[in-house]
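One structure below.
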Amino acid sequence: MSPLRQSAPHKSIHQTSIQLLGREVAVTIHAMKRKSLRLGVNAKGEIEVKVPLRCPKYELMAFLSQHTGWLEKRLEQFDDSQQAQREKMQHLGKFYRFQQSAQKSRQPILIEDTCYYPQAWSEENLLAKIESWQRLQAKQVFEQLIDQWWPHFAQGALISRPVLRVKKMRSRWGSLSSKGYINLNLKLLELSPNIIEMVVVHELCHSHYFDHSANFYRLMAQKLPGYKAIEIQLRHIEKECAY
Ligand SMILES: [Zn+2]
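In the UniProt record's numbering, the protein residues as written are 1 to 243.
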């Protein structure tokens, strides 16, 4: 046996469950080389416990029952934060809480920090309704920016005015295809107008250079001299949120 193999820690994962807040809750047990038991609630709201390799089950169960109060508190906190997520939205860099409108509107109306949504929208499908509304808003906002900026790019471009496609994307804000499509992330609509503009200008620069060459960045700096500061803003936002 190689020395590496000998020194590698043994690990195993098991499942159990306990009663918390009147319901059966799953617990993932990570048995590993360690001396004490350690309890935690992960980012998905799941309970995890790290235990020494030869920890007997009764010891683990006693440990869990000693900590039910703490666990219930953590689970409630988790539910509250999930609920808070559902109760607000971000639009063009500002946060809005949801409130059902007292008037007969067919579209959400944003006033100060409140999004008044139509009476006909039920709470269960609110987020789906909001998303389709955001899609229409995104199309308007993005098309307007493309219309505003395209005249600055048309001359010498490798494509004609790009056709917009609003998409839900995991890892990028936008892209420009050589076939002439500009794909922009629906999530962009949540960000400040100056960031949205910077992303649109970036993608339009690709109509001259499909790479990120020095020429590309020269064009970017020429069209939007303050773009670097806005890029830094965007990088900060990416770090804060798990977009
Ligand atoms: Zn690019």
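Ideal placement from N, C-alpha and C gives every residue a C-beta, glycine not left out. Computed from a prediction, not measured in an experiment: that's the story for all the values here.
With a 10 Å radius around the Cβ and a threshold of 16 neighbouring Cβ atoms, V51 comes out buried. Between V200 and W149, the gap from beta carbon to beta carbon is short of 8 angstroms. Spatial neighbours of F210 in its own chain (CB-CB distance under 8 angstroms, excluding positions within 5 residues in sequence) are listed in chain order as L158, L176 and S178. Ligand 1 never approaches H67 closely enough for any of its heavy atoms to be under 7 angstroms from the residue's Cβ. Exposure of Y58 is indicated by the presence of fewer than 16 other C-beta atoms within 10 angstroms of its C-beta. Taking the Cα positions, L136 is about 54 angstroms away from R34.
As the crow flies, the alpha-carbon of L127 is around 22 angstroms from that of I237.
In the three-state DSSP reduction, H202 falls in the helix class (H, G or I). Under the three-state reduction of DSSP output, M32 falls in the strand class.
In this model, H202 and A229 are separated by some 14 angstroms (Cα to Cα). Residue environment: E190 is assigned as buried (16 or more neighbouring CB atoms within 10 Å of its CB, all protein chains considered).
With contacts defined by Cβ atoms closer than 8 angstroms, T68 and L20 form a contacting pair. The DSSP-derived three-state label of M89 is strand. When secondary structure is reduced to three states using DSSP, G40 falls in the strand class.
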